[in-house]
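A.B. asks: To convert, note that position 27 of the sequence shown is 43 in my numbering; the numbers rise steadily by one, no gaps. Here a beta-carbon is modelled for each residue, glycine too, at the ideal position from N, C-alpha and C. The structure displayed is predicted, hence computed values, not measured ones.
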Amino acid sequence: MSLTPEQFNKLVTKDYFEEKLEEKLKNLATKEDIDKVLTAVDGIAHKHQGFEVEMAANQGAHNRLGKNIAGHEIRIKKLELPA
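Following this line, the structure appears as structure tokens:
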């Protein structure tokens with residue numbers, strides 16, 4: 017099987033292949049890069065978890081205040097009626 021001139025020009029040399037491979041490998045993430053990303057994600061997840069706990073506590077406080085305010089409204093209306 018013989019190659020046409022076009023096919024021959026498309027063949028990759030070993031040096032060219034190694035050069036391109038090195039360029040691609042330079043752009044790959046290292047273990048340290050992945051560790052940095054995972055550390056950042058863990059930090060964000062921890063903050064989110066803390067935020068959810070805080071939101072639940074705030075919602076509970078809000079509900080208690082709402083009940084207190086409703087009770088105050090009833091007492092105020094009772095006080096205003098005789099006047």
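Would you report the Cα separation of Gln-65 and Lys-94, rounded to the nearest angstrom?
C.D. replies: 44 Å
A.B. asks: Any idea what DSSP makes of Asn-84, helix, strand or coil?
C.D. replies: helix
A.B. asks: Give the straight-line distance between the Cα atoms of Glu-68 and Arg-80, rounded to the nearest whole angstrom.
C.D. replies: 19 Å
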